[in-house]
Amino acid sequence: MYTIASNEITSRIESYKALWGMWIEDVQSGEPVAYDGIQNVQTDIQSTSLSDDIELGAVCSQSVTAELVDDGTKYLGNEYVFSLYMKDSSAFTTYSTLESYTYAELSKLTVEQISKLGEMLGDEKILMGRFTCVKSKKSGGSVQLTMADRLYFSDKPYVPHIPMPNWNKAVEDDICRQLGLQNGNDYTEVRLLRDKNGRRLIDKNGKVLYSKYFYFKVSSVPKDVTMRQMLSYLASAQGQFGYVDRYGKYVRKWYGKPVKTLDPNTIDLPTLSERQNAIVGIICKVSDDVTLSLGVTDTTQGRVLEFENPYMTESLLQSLWRRIGGFSWYTTELYHRLGDPRFDIGDVVTYTNGTDSYDIPITNLGFNFDGGLSADISAVGLSVEEQL
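Here this note's numbering is used: the first residue of the sequence shown is -16, the next is one more, and so on.
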(Lines of atoms letter the chains of each structure in order from A and count residues from 1; the text may use other names and numbers.)
(Lines give C-alpha, C1' and ligand atoms only; values in the text may rest on other atoms or scores of the structure.)
Protein backbone atom coordinates (compact mmCIF):
# COMPACT_ATOMS: atom_id res chain seq x y z
CA MET A 1 0.00 0.00 0.00
CA TYR A 2 1.39 3.36 -1.06
CA THR A 3 2.22 5.86 1.68
CA ILE A 4 1.08 9.48 1.39
CA ALA A 5 3.06 12.04 3.38
CA SER A 6 0.21 14.53 3.85
CA ASN A 7 -2.22 13.70 6.65
CA GLU A 8 -4.67 16.17 5.15
CA ILE A 9 -4.76 14.29 1.84
CA THR A 10 -5.07 10.95 3.65
CA SER A 11 -8.04 12.19 5.66
CA ARG A 12 -9.85 13.42 2.53
CA ILE A 13 -9.36 10.35 0.31
CA GLU A 14 -12.68 8.78 1.22
CA SER A 15 -14.61 12.03 1.29
CA TYR A 16 -17.26 12.86 -1.29
CA LYS A 17 -15.77 16.36 -1.32
CA ALA A 18 -12.44 15.04 -2.65
CA LEU A 19 -11.54 16.56 -6.02
CA TRP A 20 -8.83 14.83 -8.05
CA GLY A 21 -6.51 16.00 -10.78
CA MET A 22 -4.25 13.98 -13.08
CA TRP A 23 -0.66 14.96 -13.85
CA ILE A 24 1.15 13.42 -16.83
CA GLU A 25 4.82 14.20 -17.28
CA ASP A 26 7.13 13.40 -20.19
CA VAL A 27 10.06 11.43 -18.76
CA GLN A 28 12.60 12.72 -21.27
CA SER A 29 11.77 16.43 -21.12
CA GLY A 30 10.35 16.56 -17.60
CA GLU A 31 7.49 18.70 -18.90
CA PRO A 32 3.81 18.15 -18.10
CA VAL A 33 1.52 17.29 -21.02
CA ALA A 34 -2.19 17.94 -21.66
CA TYR A 35 -2.43 19.72 -18.31
CA ASP A 36 -5.97 21.02 -18.81
CA GLY A 37 -6.99 18.53 -21.48
CA ILE A 38 -7.07 15.19 -19.65
CA GLN A 39 -10.59 13.85 -20.15
CA ASN A 40 -10.39 10.28 -18.91
CA VAL A 41 -7.71 7.87 -17.67
CA GLN A 42 -8.19 4.19 -16.86
CA THR A 43 -5.57 1.86 -15.40
CA ASP A 44 -5.57 -1.92 -15.24
CA ILE A 45 -3.21 -4.29 -13.45
CA GLN A 46 -3.48 -7.88 -12.31
CA SER A 47 -1.41 -10.41 -10.37
CA THR A 48 -2.68 -13.42 -12.34
CA SER A 49 -2.88 -14.19 -16.03
CA LEU A 50 -5.76 -16.57 -15.36
CA SER A 51 -9.32 -15.31 -15.54
CA ASP A 52 -10.58 -17.41 -12.65
CA ASP A 53 -7.82 -18.29 -10.23
CA ILE A 54 -4.82 -17.10 -8.24
CA GLU A 55 -1.53 -18.07 -9.86
CA LEU A 56 2.07 -18.60 -8.85
CA GLY A 57 4.64 -16.89 -11.05
CA ALA A 58 2.30 -14.62 -13.00
CA VAL A 59 4.17 -11.71 -14.60
CA CYS A 60 1.59 -9.28 -15.94
CA SER A 61 1.88 -5.90 -17.63
CA GLN A 62 0.00 -2.89 -16.34
CA SER A 63 -1.85 -0.86 -18.94
CA VAL A 64 -3.30 2.63 -19.12
CA THR A 65 -5.82 4.06 -21.56
CA ALA A 66 -6.13 7.83 -21.70
CA GLU A 67 -8.29 10.24 -23.65
CA LEU A 68 -6.76 13.70 -24.03
CA VAL A 69 -7.52 16.85 -25.98
CA ASP A 70 -5.48 16.68 -29.19
CA ASP A 71 -2.97 19.54 -29.05
CA GLY A 72 -0.65 18.08 -31.67
CA THR A 73 1.69 16.34 -29.22
CA LYS A 74 3.36 13.18 -30.56
CA TYR A 75 3.05 10.47 -27.91
CA LEU A 76 3.89 7.17 -29.62
CA GLY A 77 7.03 5.52 -28.24
CA ASN A 78 7.57 8.11 -25.51
CA GLU A 79 7.56 7.37 -21.79
CA TYR A 80 5.37 9.16 -19.26
CA VAL A 81 4.89 9.31 -15.51
CA PHE A 82 1.27 9.39 -14.33
CA SER A 83 0.39 10.94 -10.97
CA LEU A 84 -2.78 11.93 -9.18
CA TYR A 85 -3.11 14.95 -6.96
CA MET A 86 -5.90 16.20 -4.75
CA LYS A 87 -7.24 19.62 -5.64
CA ASP A 88 -7.49 22.31 -3.02
CA SER A 89 -10.60 24.16 -4.13
CA SER A 90 -10.09 26.87 -1.52
CA ALA A 91 -6.53 27.69 -2.58
CA PHE A 92 -5.43 30.66 -4.63
CA THR A 93 -2.04 31.52 -6.07
CA THR A 94 0.13 34.50 -5.18
CA TYR A 95 3.78 35.22 -5.90
CA SER A 96 4.66 34.22 -2.33
CA THR A 97 2.85 30.88 -2.52
CA LEU A 98 4.58 30.01 -5.80
CA GLU A 99 7.84 29.64 -3.92
CA SER A 100 6.49 26.64 -1.98
CA TYR A 101 5.72 24.55 -5.07
CA THR A 102 8.54 22.25 -6.12
CA TYR A 103 6.84 19.65 -8.33
CA ALA A 104 7.90 21.28 -11.62
CA GLU A 105 10.24 23.97 -12.84
CA LEU A 106 8.18 27.12 -13.24
CA SER A 107 10.03 28.04 -16.41
CA LYS A 108 8.46 25.03 -18.12
CA LEU A 109 4.88 25.99 -17.24
CA THR A 110 2.48 28.26 -19.04
CA VAL A 111 0.82 31.25 -17.38
CA GLU A 112 -2.42 29.26 -17.22
CA GLN A 113 -0.68 26.34 -15.55
CA ILE A 114 0.99 28.60 -12.99
CA SER A 115 -2.39 30.11 -12.12
CA LYS A 116 -3.62 26.60 -11.28
CA LEU A 117 -0.75 25.65 -9.01
CA GLY A 118 -2.80 26.42 -5.93
CA GLU A 119 -5.13 23.56 -6.80
CA MET A 120 -2.63 20.94 -5.60
CA LEU A 121 -3.40 20.16 -1.99
CA GLY A 122 -0.35 19.66 0.18
CA ASP A 123 2.05 20.11 -2.76
CA GLU A 124 2.06 16.33 -3.13
CA LYS A 125 1.53 14.10 -6.13
CA ILE A 126 0.52 10.46 -5.75
CA LEU A 127 2.65 8.46 -8.14
CA MET A 128 0.59 5.96 -10.15
CA GLY A 129 3.16 4.52 -12.56
CA ARG A 130 5.53 4.89 -15.47
CA PHE A 131 4.32 3.91 -18.94
CA THR A 132 5.33 3.86 -22.60
CA CYS A 133 2.82 4.87 -25.27
CA VAL A 134 2.28 1.84 -27.55
CA LYS A 135 -0.81 3.03 -29.47
CA SER A 136 -2.14 6.47 -30.43
CA LYS A 137 -5.37 7.24 -32.32
CA LYS A 138 -6.91 10.64 -33.09
CA SER A 139 -10.60 11.34 -33.52
CA GLY A 140 -12.76 14.46 -33.31
CA GLY A 141 -10.29 16.71 -31.52
CA SER A 142 -9.25 14.01 -29.06
CA VAL A 143 -6.43 11.52 -28.94
CA GLN A 144 -6.86 8.04 -27.46
CA LEU A 145 -3.67 6.58 -26.02
CA THR A 146 -2.79 3.07 -24.93
CA MET A 147 0.19 2.87 -22.61
CA ALA A 148 1.95 0.00 -20.91
CA ASP A 149 4.83 -0.65 -18.55
CA ARG A 150 8.06 -2.21 -19.80
CA LEU A 151 6.81 -5.77 -19.26
CA TYR A 152 4.73 -5.17 -22.39
CA PHE A 153 7.93 -5.91 -24.32
CA SER A 154 8.81 -9.08 -22.38
CA ASP A 155 7.21 -11.55 -24.81
CA LYS A 156 10.35 -11.46 -26.94
CA PRO A 157 12.73 -14.47 -26.82
CA TYR A 158 15.23 -14.36 -23.98
CA VAL A 159 18.80 -14.33 -25.22
CA PRO A 160 21.16 -14.18 -22.23
CA HIS A 161 23.71 -11.36 -22.18
CA ILE A 162 25.49 -13.11 -19.32
CA PRO A 163 27.44 -16.39 -19.17
CA MET A 164 25.37 -19.46 -18.40
CA PRO A 165 24.88 -21.24 -16.07
CA ASN A 166 24.39 -18.41 -13.58
CA TRP A 167 22.51 -17.48 -10.41
CA ASN A 168 18.83 -16.54 -10.54
CA LYS A 169 19.62 -12.97 -9.45
CA ALA A 170 22.01 -12.50 -12.36
CA VAL A 171 19.38 -13.79 -14.81
CA GLU A 172 16.71 -11.52 -13.32
CA ASP A 173 19.08 -8.54 -13.50
CA ASP A 174 19.92 -9.38 -17.11
CA ILE A 175 16.28 -9.49 -18.19
CA CYS A 176 15.51 -6.24 -16.38
CA ARG A 177 18.40 -4.50 -18.13
CA GLN A 178 17.20 -5.73 -21.52
CA LEU A 179 13.71 -4.40 -20.77
CA GLY A 180 14.96 -1.06 -19.48
CA LEU A 181 13.85 -1.81 -15.93
CA GLN A 182 15.56 -1.57 -12.58
CA ASN A 183 15.43 -4.75 -10.54
CA GLY A 184 13.76 -3.67 -7.32
CA ASN A 185 14.11 -7.03 -5.54
CA ASP A 186 16.42 -7.13 -2.54
CA TYR A 187 18.75 -10.13 -2.49
CA THR A 188 21.08 -8.74 0.16
CA GLU A 189 18.91 -8.60 3.27
CA VAL A 190 19.54 -11.42 5.74
CA ARG A 191 17.41 -11.95 8.84
CA LEU A 192 18.06 -14.04 11.93
CA LEU A 193 15.39 -16.62 12.63
CA ARG A 194 13.75 -16.15 16.02
CA ASP A 195 11.14 -17.97 18.07
CA LYS A 196 7.85 -16.43 19.16
CA ASN A 197 9.57 -14.86 22.18
CA GLY A 198 12.19 -13.15 20.03
CA ARG A 199 15.06 -15.50 20.92
CA ARG A 200 17.54 -16.48 18.20
CA LEU A 201 17.10 -19.98 16.83
CA ILE A 202 20.16 -22.24 17.03
CA ASP A 203 20.55 -25.69 15.48
CA LYS A 204 21.77 -28.80 17.31
CA ASN A 205 25.35 -27.92 16.43
CA GLY A 206 25.11 -24.47 17.99
CA LYS A 207 24.95 -22.54 14.71
CA VAL A 208 22.73 -19.47 14.48
CA LEU A 209 19.95 -20.02 11.95
CA TYR A 210 19.24 -17.43 9.26
CA SER A 211 16.24 -17.06 7.00
CA LYS A 212 16.57 -19.06 3.79
CA TYR A 213 16.84 -16.89 0.69
CA PHE A 214 16.04 -18.22 -2.71
CA TYR A 215 19.39 -18.34 -4.46
CA PHE A 216 19.55 -21.09 -7.05
CA LYS A 217 21.48 -21.87 -10.19
CA VAL A 218 19.87 -21.47 -13.60
CA SER A 219 21.67 -24.18 -15.51
CA SER A 220 20.41 -23.34 -18.98
CA VAL A 221 17.68 -21.47 -20.84
CA PRO A 222 14.84 -23.52 -22.36
CA LYS A 223 14.50 -23.31 -26.13
CA ASP A 224 12.30 -20.44 -27.41
CA VAL A 225 11.60 -19.22 -23.85
CA THR A 226 10.52 -15.58 -23.57
CA MET A 227 11.71 -13.01 -21.05
CA ARG A 228 8.26 -13.09 -19.42
CA GLN A 229 8.41 -16.87 -19.05
CA MET A 230 11.88 -16.69 -17.50
CA LEU A 231 10.74 -14.07 -15.01
CA SER A 232 7.75 -16.31 -14.27
CA TYR A 233 10.01 -19.28 -13.47
CA LEU A 234 12.13 -17.13 -11.17
CA ALA A 235 9.06 -15.73 -9.41
CA SER A 236 7.21 -19.02 -8.96
CA ALA A 237 10.35 -20.63 -7.53
CA GLN A 238 10.08 -18.07 -4.73
CA GLY A 239 6.32 -18.37 -4.22
CA GLN A 240 5.55 -14.98 -5.73
CA PHE A 241 4.25 -13.09 -8.76
CA GLY A 242 6.02 -10.25 -10.56
CA TYR A 243 5.01 -6.80 -11.75
CA VAL A 244 6.35 -3.29 -12.33
CA ASP A 245 5.67 -1.01 -9.37
CA ARG A 246 4.78 2.69 -9.32
CA TYR A 247 8.46 3.67 -9.53
CA GLY A 248 9.09 1.68 -12.69
CA LYS A 249 10.97 -1.11 -10.88
CA TYR A 250 10.41 -4.82 -11.38
CA VAL A 251 9.36 -6.38 -8.06
CA ARG A 252 7.98 -9.65 -6.75
CA LYS A 253 5.51 -10.19 -3.92
CA TRP A 254 2.90 -12.46 -2.43
CA TYR A 255 -0.24 -11.55 -0.54
CA GLY A 256 0.35 -10.52 3.06
CA LYS A 257 -1.68 -9.20 5.98
CA PRO A 258 -4.66 -6.85 5.44
CA VAL A 259 -3.61 -3.23 4.95
CA LYS A 260 -7.02 -1.64 5.41
CA THR A 261 -10.66 -2.28 6.31
CA LEU A 262 -12.96 -0.89 3.62
CA ASP A 263 -15.52 1.73 4.61
CA PRO A 264 -18.89 0.22 3.56
CA ASN A 265 -20.16 3.73 2.80
CA THR A 266 -17.63 4.08 -0.04
CA ILE A 267 -18.33 0.81 -1.88
CA ASP A 268 -21.20 -0.97 -3.54
CA LEU A 269 -22.17 -4.27 -1.95
CA PRO A 270 -19.54 -6.77 -3.11
CA THR A 271 -20.18 -10.11 -4.75
CA LEU A 272 -18.62 -12.79 -2.55
CA SER A 273 -18.15 -16.52 -2.99
CA GLU A 274 -20.16 -18.75 -0.68
CA ARG A 275 -17.11 -20.79 0.25
CA GLN A 276 -13.66 -19.62 1.26
CA ASN A 277 -10.77 -20.64 -0.96
CA ALA A 278 -7.81 -22.22 0.84
CA ILE A 279 -4.52 -23.42 -0.65
CA VAL A 280 -4.05 -26.99 0.60
CA GLY A 281 -1.39 -28.21 -1.82
CA ILE A 282 0.97 -27.43 -4.68
CA ILE A 283 2.05 -29.48 -7.68
CA CYS A 284 5.02 -28.44 -9.82
CA LYS A 285 5.91 -30.08 -13.12
CA VAL A 286 9.69 -29.88 -13.44
CA SER A 287 9.96 -31.95 -16.61
CA ASP A 288 8.09 -34.70 -18.45
CA ASP A 289 9.57 -37.20 -16.01
CA VAL A 290 9.67 -35.23 -12.76
CA THR A 291 6.76 -33.76 -10.78
CA LEU A 292 7.08 -32.46 -7.22
CA SER A 293 4.23 -31.88 -4.78
CA LEU A 294 3.54 -30.87 -1.20
CA GLY A 295 0.42 -30.76 0.92
CA VAL A 296 -2.86 -32.27 -0.20
CA THR A 297 -3.14 -32.99 -3.91
CA ASP A 298 -6.82 -33.99 -3.84
CA THR A 299 -8.58 -30.99 -5.41
CA THR A 300 -11.84 -31.86 -3.61
CA GLN A 301 -10.16 -30.86 -0.33
CA GLY A 302 -9.34 -27.29 -1.35
CA ARG A 303 -7.27 -25.27 -3.78
CA VAL A 304 -4.28 -27.06 -5.27
CA LEU A 305 -1.99 -24.75 -7.24
CA GLU A 306 -0.40 -26.38 -10.28
CA PHE A 307 2.43 -24.81 -12.27
CA GLU A 308 5.54 -25.62 -14.31
CA ASN A 309 9.10 -24.70 -13.41
CA PRO A 310 12.20 -26.43 -14.81
CA TYR A 311 14.35 -25.03 -11.97
CA MET A 312 12.24 -26.27 -9.07
CA THR A 313 13.90 -28.39 -6.39
CA GLU A 314 12.50 -30.07 -3.30
CA SER A 315 14.23 -27.47 -1.12
CA LEU A 316 12.74 -24.55 -3.06
CA LEU A 317 9.29 -26.14 -3.02
CA GLN A 318 9.42 -26.61 0.75
CA SER A 319 10.48 -23.01 1.23
CA LEU A 320 7.70 -21.53 -0.89
CA TRP A 321 5.15 -23.92 0.63
CA ARG A 322 5.92 -22.51 4.08
CA ARG A 323 5.07 -19.09 2.66
CA ILE A 324 1.82 -19.81 0.81
CA GLY A 325 0.46 -22.99 2.41
CA GLY A 326 -2.94 -22.41 4.02
CA PHE A 327 -3.46 -19.02 2.38
CA SER A 328 -7.22 -18.38 2.22
CA TRP A 329 -9.48 -15.80 0.63
CA TYR A 330 -12.94 -15.15 -0.78
CA THR A 331 -13.57 -14.74 -4.48
CA THR A 332 -14.78 -11.15 -4.68
CA GLU A 333 -15.88 -8.41 -7.03
CA LEU A 334 -16.54 -4.92 -5.73
CA TYR A 335 -16.89 -1.38 -6.98
CA HIS A 336 -15.09 1.24 -4.90
CA ARG A 337 -17.05 4.43 -5.56
CA LEU A 338 -14.39 6.55 -3.86
CA GLY A 339 -11.25 4.91 -5.20
CA ASP A 340 -8.24 4.81 -2.90
CA PRO A 341 -5.10 5.51 -5.01
CA ARG A 342 -2.89 4.04 -2.27
CA PHE A 343 -3.96 0.48 -3.10
CA ASP A 344 -1.48 -1.70 -4.96
CA ILE A 345 -1.87 -5.06 -6.65
CA GLY A 346 -1.23 -7.82 -4.12
CA ASP A 347 -2.53 -5.78 -1.17
CA VAL A 348 -5.12 -7.47 1.03
CA VAL A 349 -8.14 -5.47 2.20
CA THR A 350 -10.89 -6.45 4.61
CA TYR A 351 -14.62 -6.10 4.04
CA THR A 352 -17.00 -6.37 6.99
CA ASN A 353 -20.80 -6.38 6.84
CA GLY A 354 -21.18 -5.79 10.55
CA THR A 355 -21.33 -9.51 11.32
CA ASP A 356 -18.66 -11.23 9.28
CA SER A 357 -15.29 -10.12 7.93
CA TYR A 358 -13.74 -11.15 4.62
CA ASP A 359 -10.10 -10.80 3.60
CA ILE A 360 -9.80 -9.88 -0.06
CA PRO A 361 -6.44 -10.17 -1.88
CA ILE A 362 -6.38 -7.64 -4.72
CA THR A 363 -5.64 -9.71 -7.82
CA ASN A 364 -7.20 -7.25 -10.27
CA LEU A 365 -7.26 -3.49 -9.80
CA GLY A 366 -8.56 -0.86 -12.19
CA PHE A 367 -8.76 2.87 -11.47
CA ASN A 368 -10.98 5.23 -13.43
CA PHE A 369 -10.27 8.97 -13.42
CA ASP A 370 -12.68 11.44 -15.02
CA GLY A 371 -12.41 14.29 -12.53
CA GLY A 372 -13.42 11.91 -9.77
CA LEU A 373 -11.75 8.63 -8.89
CA SER A 374 -13.27 5.17 -8.64
CA ALA A 375 -11.89 1.64 -8.69
CA ASP A 376 -12.89 -1.90 -9.62
CA ILE A 377 -11.36 -4.44 -7.24
CA SER A 378 -11.52 -8.20 -7.54
CA ALA A 379 -10.04 -11.33 -6.05
CA VAL A 380 -10.28 -14.17 -8.54
CA GLY A 381 -10.93 -17.76 -7.52
CA LEU A 382 -12.75 -20.84 -8.69
CA SER A 383 -16.50 -20.89 -8.19
CA VAL A 384 -18.11 -23.24 -5.67
CA GLU A 385 -19.26 -25.51 -8.51
CA GLU A 386 -15.74 -25.71 -9.93
CA GLN A 387 -14.36 -26.78 -6.56
CA LEU A 388 -16.83 -29.63 -6.05
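Glycine residues also receive a C-beta, built at the ideal position from the N, C-alpha and C atoms.
Predicted, not measured: the structure shown is a model, and the values here were computed from it.
- Taking 9 angstroms as the cut-off, the beta carbon of Y294 is found no closer than this to the beta carbon of F352.
- DSSP lists E62, A131 as the beta-bridge partner residues of T115.
- Around the beta-carbon of S(-2), fewer than 16 other beta-carbon atoms lie within 10 Å, marking it exposed.
- When the Cα atoms are used, P253 and G322 turn out to be separated by approximately 14 angstroms.
- Bounds of the alpha helix (DSSP H) holding N(-10) are -10 to -5.
- Taken in chain order, the complete beta strand (DSSP E) segments of 3 residues or longer contained in the region 272 to 304 are 274 to 278, 286 to 291.
- Rounded to whole angstroms, L348 and L39 show a C-alpha spacing of 18 angstroms.
- P344 and T115 have their C-alpha atoms roughly 28 angstroms apart.
- Shown here, N188 sits in coil according to DSSP, grouped into three states, outside any helix or strand.
- With contacts defined by Cβ atoms closer than 9 angstroms, G364 and W304 do not form a contacting pair.
- Rounded to the nearest whole angstrom, the C-alpha separation of S(-11) and A362 is 30 angstroms.
- For Y216, the enclosing alpha helix (DSSP H) stretches over residues 210 to 219.
- At a Cβ-Cβ threshold of 9 angstroms, L164 and G231 count as neighbours.
- Per DSSP, the continuous alpha helix (DSSP H) segment holding Q161 begins and ends at 151 to 162.
- Between E297 and I266, the alpha-carbon positions lie close to 11 angstroms from each other.
- If you draw a straight line from the Cα of T333 to the Cα of I109, it comes to about 23 angstroms.
- According to the DSSP assignment, C267 belongs to the beta strand (DSSP E) that extends over 260 to 268.
- Linking L51 to I21 through their CA atoms gives a straight-line distance of about 5 angstroms.
- For the pair K152 and Y170, the CB atoms are nearer than the 9 angstroms cut-off.
- In the DSSP assignment, the residues bridged to G349 are D359.
- Note on N336: under 16 other CB atoms within 10 angstroms of its CB, so exposed under the neighbour-count rule.
- If you look at N23, you'll find it in the beta strand (DSSP E) that goes 21 to 29.
- Residue range 315 to 319 is occupied by the beta strand (DSSP E) that includes H319.
- The three-state secondary structure of L67, taken from DSSP, is strand.
- Restricting attention to V154, A1, T249, the CA atom closest to the CA of M213 is found in V154.
- A straight-line Cα-Cα distance of about 24 angstroms links K240 and G112.
- When C-alpha distances from D27 are compared across Q223, T48, D9, the shortest belongs to T48.
- Partner residues in the beta bridge of Y334, as assigned by DSSP, are Y341.
- Counting of Cβ neighbours within 10 angstroms places L33 among the exposed residues, the total staying below 16.
- Under a 10 Å Cβ-count criterion, Q29 is classified as buried, with 16 or more other Cβ atoms of the shown protein chains found around its own Cβ.
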